[in-house]
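Q: Sequential numbering from 242 applies to the sequence shown in this note's numbering.
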Amino acid sequence: MPATRRGAAAVKKDDDENDPKRIKLDNEEEEAKEKEGATTEESKAPESQPIVATDDSAEGAEEIKDNAPEEPPGPSEEAMKVDNPTVPPEDASKTAAAIASVGGPLDEKQQAEINAALEKVKEEALKATPHIPTIVTEGLWDDDPKKVEDSLTELANLSFGHEQAGPNRVTISLTGGLLAIVKAMGKHADDPDIQAAGGRALQNLALDQNNKKGIANSGGIEVLVSAMKKFPEDAAVQMGGCGTFQNLVWGNDENRMRILKAGAIPEVIAAMTKHADVAELQEWACGSLFLLSVGEPEVKQAILDNRGLSAIAKSIEDHMDEGGIREKGRNAMARLLWP
242 MPATRRGAAA VKKDDDENDP KRIKLDNEEE EAKEKEGATT EESKAPESQP
292 IVATDDSAEG AEEIKDNAPE EPPGPSEEAM KVDNPTVPPE DASKTAAAIA
342 SVGGPLDEKQ QAEINAALEK VKEEALKATP HIPTIVTEGL WDDDPKKVED
392 SLTELANLSF GHEQAGPNRV TISLTGGLLA IVKAMGKHAD DPDIQAAGGR
442 ALQNLALDQN NKKGIANSGG IEVLVSAMKK FPEDAAVQMG GCGTFQNLVW
492 GNDENRMRIL KAGAIPEVIA AMTKHADVAE LQEWACGSLF LLSVGEPEVK
542 QAILDNRGLS AIAKSIEDHM DEGGIREKGR NAMARLLWP
């Protein structure tokens, strides 16, 4: 008896079973059925349900909890819409990325390999943007506030949307840029334009995984909180703080507690309330609260104590046509209501 052929509708004893045209047709019909079945199964996937909140009271919380998903979502790179961590030149990135992805403390050899890889990234980046060291060592320290503002703006633009944005973020850090930005913001604490430009620069630089700790160690969190307190009516200043906090806690657990201790949470929620019509600020603030709520219970409690739940719910209600706000806001609410 002839052997059965995969994809054939039936096994026949006559010669047409060996006809290659017939076998090809049968195979195509079988593949089409398999694809149709897969599509049907995918279409059965449950859609996420909207969460509606009215207040932070016990009744309001219970109403939200009834509609919350069974398991709160964790951070997803697609949901957060955050630029990927630095992608340096191929030959330098493999070592640094492989070691950094393991997590946990690094031994001396691993740290040395990362440092060597990052230095190579800096060397390559400086070929395309050789003026970065001048901006960091001269522009940020100039006595003319306008030159300082322009320098901060240029660093922000080099760190995001630029064709060499990833390597530039590494270069700015390795040339002392993180501390220089914080110092410039501290020196010109009464200038809202410098505070706003500095916030944008730190926000973009915080997209690099290695810079998250560096910004925190340089006093970046504290200088942003100070700026938000000093200029509550300035949406640009508030956006810089909310956006930077979002990026600092993405992939860095230590920064959650640092942000809490610096008093940033009340400022983020106050910014949401005062600038309710600024969609971009609302999205970054919701993203910050979402990522902050993922970890320690005291951080979650601080958000609830400052009426963060109501602020998030109102943000979603006011910006129903903004997918980023809905996504991050719902995720934040689900996390905050999860025991």
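For every residue, glycine included, the Cβ atom is placed at its ideal position computed from N, Cα and C. Being a predicted model, the structure only gives us computed values, none of them experimental.
According to DSSP, is Val478 helix, strand or coil?
A: Stepping through the sequence shown from its first residue, residue 478 is reached at position 237. If DSSP states are grouped into helix, strand and coil, Val478 belongs with the helices.
Q: Looking only at its chain, what residues have a beta carbon closer than 7 Å to the beta carbon of Ile456, apart from the 5 residues adjacent to it on each side?
A: Position 215 of the sequence shown, counted from the start, is the residue given in the question as residue 456. Result list for Ile456: Leu419, Leu443, Leu446, Ala447 and Leu489, in chain order.
Q: Hey, out of Trp491, Glu474, Ala476 and Ile435, whose CA is closest to Val464's CA?
A: In the sequence shown, counting from the first residue as 1, residue 464 sits at position 223. Selected option, being the one with the closest Cα: Ile435.
Q: What three-state label does DSSP hand Leu609 in the structure shown?
A: In this structure the chain extends from 242 to 580, so residue 609 is not present and cannot be described.
Q: Among the residues of its own chain, which have a CB less than 8 Å from the CB of Glu360, if the five just before and after it don't count?
A: The sequence position of residue 360 within the sequence shown is 119, counting from 1. Excluding residues within five positions, the ones whose Cβ falls inside 8 Å are Leu415.
Q: Tell me whether Lys453 is buried or exposed, calling it buried when 16 or more other Cβ atoms sit within 10 Å of its Cβ.
A: Here residue 453 refers to the residue found at position 212 of the sequence shown. It is buried - the Cβ of Lys453 has at least 16 other Cβ atoms within 10 Å.
Q: I'd like to check one pair, Ala406 with Ser467: are the Cβ atoms closer than 8 Å?
A: Residue 467 sits at position 226 when you count from the first residue of the sequence shown. Residue 406 sits at position 165 when you count from the first residue of the sequence shown. Not in contact: Ser467 and Ala406 (Cβ atoms no closer than 8 Å).
Q: Considering just the uninterrupted stretch of the alpha helix (DSSP H) at Met634, what are its terminal residues?
A: The structure shown does not extend to residue 634, since the chain is modelled only from 242 through 580, so no value can be given for it.
Q: I believe Gly549 touches Ile500 by the beta-carbon criterion, under 8 Å. Please report the beta-carbon distance rounded to the nearest angstrom.
A: The residue labelled residue 549 in the question sits at position 308 within the sequence shown. The residue labelled residue 500 in the question sits at position 259 within the sequence shown. Between Ile500 and Gly549 the Cβ distance is about 13 Å, and since that is not below 8 Å, they are no contact.
Q: Tell me which residues share the same chain as Glu474 and place their Cβ nearer than 8 Å to its Cβ, disregarding the 5 neighbours each side in the sequence.
A: Within the sequence shown, residue 474 is the residue found at index 233, counting from 1. Taken in chain order, the residues that qualify are Lys515.
Q: By the 10 Å Cβ neighbour count, where 16 or more other Cβ atoms means buried, how is Met469 classified, buried or exposed?
A: Counted from its first residue, the sequence shown places residue 469 at position 228. With 16 or more Cβ atoms within 10 Å of its Cβ, Met469 is classed as buried.
Q: Roughly how many whole angstroms lie between the Cα atoms of Ala337 and Ala353?
A: Taking the sequence shown and counting its residues from 1, the one referred to as residue 337 is at position 96. Taking the sequence shown and counting its residues from 1, the one referred to as residue 353 is at position 112. Annotation note: pLDDT 43 at Ala337 (below 50); position unreliable, coordinate value reported separately. Looking at the two C-alpha atoms, the distance is approximately 10 Å.
Q: Which word fits Lys502, buried or exposed, when buried means at least 16 other C-beta atoms lie within 10 angstroms of its C-beta?
A: Locating residue 502 in the sequence shown gives position 261, where the first residue counts as 1. Exposed, because fewer than 16 other Cβ atoms sit within 10 Å of the Cβ of Lys502.
Q: Do you know offhand how far Ile413's Cα is from Ile373's?
A: Taking the first residue of the sequence shown as 1, we reach residue 413 at position 172. Taking the first residue of the sequence shown as 1, we reach residue 373 at position 132. Approximately 7 Å, taken between the alpha carbons.
Q: Can you list, in chain order, the residues of its chain with a C-beta nearer than 6 Å to that of Val519? Leave out the 5 residues immediately preceding and following it.
A: Position 278 of the sequence shown, counted from the start, is the residue given in the question as residue 519. The answer, listed in chain order, is Ala476.
Q: Label Gly528 either buried or exposed according to how many other C-beta atoms from any shown protein chain fall within 10 Å of its C-beta, with 16 as the threshold for buried.
A: Working through the sequence shown from its first residue, we reach residue 528 at position 287. Gly528 should be labelled buried.
Q: Using CA atoms only, rank isn't needed, just tell me which of Leu396, Asn409 and His403 is closest to Ile422.
A: The residue given as residue 422 occupies position 181 in the sequence shown. Checking every option, the nearest Cα to that of Ile422 belongs to Leu396.
Q: What does the alpha-carbon distance come out to for the pair Pro507 and Asn547?
A: In the sequence shown, the residue the question calls residue 507 occupies position 266. In the sequence shown, the residue the question calls residue 547 occupies position 306. Cα to Cα, Pro507 sits roughly 6 Å from Asn547.
Q: Would you call Lys350 buried or exposed, if buried means 16 or more other Cβ atoms sit within 10 Å of its Cβ?
A: Taking the first residue of the sequence shown as position 1, residue 350 is located at position 109. Under this definition Lys350 is an exposed residue.
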